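*Asks:* Residues in the sequence shown are numbered consecutively from 162, following the numbering used here.
Idealized CB from N, CA, C, for every residue including glycine.
From a predicted model like this one, the values you see are computed outputs, not experimental measurements.
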Amino acid sequence: MIVLAGPNGAGKSTLYETRIAPSFAGLFINADIIQRDELRNPSPAASYEAANIASSRRGSTTAGI
């Protein structure tokens, strides 16, 4: 498991896309991507919804670890 954590704008997504993704086939859970690609809604309310979805997915993914 690889965890990239940090404040918004820290470069987590860029690091993942440029350095990690090319050699890692694991799941990438990102609220911004959920909001953009799944919810397709740029509103602040959708941002909170995407954060909740991401939190739920992280919980499901790490259950039992």
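#1: Tell me which residues share the same chain as Leu188 and place their Cβ nearer than 7 Å to its Cβ, disregarding the 5 neighbours each side in the sequence.
#2: What's the call for Ala224, buried or exposed, on a 16-neighbour Cβ count within 10 Å?
#3: Taking Ala182 as the reference, which of Asp198, Leu200, Leu165, Ala171 has the closest Cα?
#4: Inspect the beta-carbon positions of Ser137 and Asp193 and report whether they are closer than 8 Å.
#5: Mind pulling the beta strand (DSSP E) runs of 3 or more residues that sit fully within the stretch 170-206?
*Replies:* Taking the structure as given:
#1: The answer, listed in chain order, is Thr222.
#2: exposed
#3: That would be Leu165, whose Cα lies nearest to the Cα of Ala182.
#4: As displayed, the chain neither begins before 162 nor continues past 226, which places residue 137 out of reach and without an answer.
#5: none
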